[in-house]
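Protein chains in written order, with this note's numbering: chain A, 1328 to 1437; chain B, 1328 to 1437. All C-beta atoms, glycine included, are put in the ideal place defined by N, C-alpha and C. As the structure is a prediction and not an experimental result, all values here were calculated from the model. Heads up: the structure comes next, in structure tokens.
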DNA sequence: AATCCGTATAGAAGCCTGTCAATATAGGCA
DNA sequence: TGCCTATATTGACAGGCTTCTATACGGATT
């Protein structure tokens, strides 16, 4: 996953780039994943471990694990095992690129 | 649809707001819709009519119409009938709000 | 080594989505 | 009025997604 596009409104987006962008946004299309990303990103130190994340939802561990994998495969978060626990963190550059894609350039309407 | 949230990384997002944000991103989770939005946004004058949009895809009219409705219900585009044709335009404020949600605040990692 | 805790994977059920063909609606024109 | 074009809606089907239970894996502790 390597989002590399200029803003959507700047020029018609390439077919392949549209597919990449859509894949990234699909990772953000579920409320649980949005909350997970927010919980991880806003956690003190920028990291969180899975046990805390599971406790924040009325969902089973495997379901949270599934959503974390979707976010990871989209490149939005990274993870690392430290002993018994697994820590997750956000990848700020990925969020920033998506944010830029949605930027609306200076309006040219007369 | 009224996206009204601070950046995801600023604080844990509210459950209801997460649902709203996810709904908006879901509208952007399909490559066809990403391309449609980009085609409309980058069209001279900021408007496009459906006939041109259909011609840009190997899809049937009803399918494009369906995707346009999804984008419209998400508040990302607006439309108006002018005689025989229907014109579509983007809602810049909606894109900007989504862009802000993805903004990563100044890092506080020591 | 044996066991326990934390996390991930596998497989399945039910719902949601993208797409199409067929049909309907809305507006211009003869 | 009647017809033609442009767009939307309906209904149906295939495929994907979210969630669960059950199971497996990885590491620490006894």
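Please return the same chain residues whose Cβ sits closer than 6 Å to the Cβ of residue i, not counting the five positions on each side in sequence.
i, result
"residue 1435 (chain A)", "Note that residue 1435 (chain A) scores 49 on pLDDT, short of 50, meaning its location in the model is unreliable; the coordinates nonetheless yield the value given after this. Correct list: empty, nothing qualifies."
"residue 1417 (chain A)", "1367, 1368, 1404"
"residue 1373 (chain A)", "1416"
"residue 1388 (chain A)", "1381"
What is the C-beta distance between residue i and residue j, in whole angstroms, given that I count them as a contact (C-beta under 8 Å)?
i, j, result
"residue 1375 (chain A)", "residue 1381 (chain A)", "Actually they do not touch by this definition, with Cβ atoms about 11 Å apart."
"residue 1413 (chain B)", "residue 1406 (chain B)", "6 Å"
"residue 1386 (chain B)", "residue 1342 (chain B)", "Going by Cβ atoms, the distance from residue 1386 (chain B) to residue 1342 (chain B) rounds to 36 Å, so no, they are not a contact pair."
Leaving aside the five residues before and after residue i along the sequence, list all residues of the same chain whose C-beta is less than 8 Å from its C-beta, in chain order.
i, result
"residue 1362 (chain B)", "1383, 1384"
"residue 1337 (chain B)", "1432"
"residue 1429 (chain A)", "1334, 1335"
"residue 1371 (chain A)", "none"
"residue 1410 (chain B)", "none"
Could you check which residue in the options has the C-alpha nearest to that of residue i?
i, options, result
"residue 1399 (chain B)", "B:1411, B:1387, B:1346, B:1353", "B:1353"
"residue 1408 (chain A)", "A:1340, A:1378, A:1426, A:1346", "A:1378"
"residue 1312 (chain A)", "A:1371, A:1388, A:1364", "Coverage of chain A is limited to positions 1328 through 1437, which leaves residue 1312 (chain A) absent and any answer about it impossible."
"residue 1357 (chain B)", "B:1333, B:1336, B:1395, B:1340", "B:1395"
"residue 1345 (chain B)", "A:1355, A:1344, A:1345, A:1346", "A:1355"
Going by DSSP in three states, residue i sits in which element: helix, strand or coil?
i, result
"residue 1345 (chain B)", "helix"
"residue 1384 (chain B)", "coil"
"residue 1340 (chain B)", "coil"
"residue 1421 (chain B)", "helix"
"residue 1372 (chain A)", "helix"
"residue 1439 (chain B)", "No answer is possible for residue 1439 (chain B): the residues shown for chain B start at 1328 and end at 1437."
Buried or exposed, going by whether 16 or more other CB atoms sit within 10 Å of the CB of residue i?
i, result
"residue 1420 (chain B)", "exposed"
"residue 1392 (chain B)", "exposed"
"residue 1422 (chain B)", "buried"
"residue 1348 (chain A)", "buried"
"residue 1425 (chain B)", "buried"
For residue i, collect the residues of the same chain with a Cβ closer than 7 Å to its Cβ; drop the 5 residues on either side in sequence, then sort them by chain order.
i, result
"residue 1427 (chain A)", "1334"
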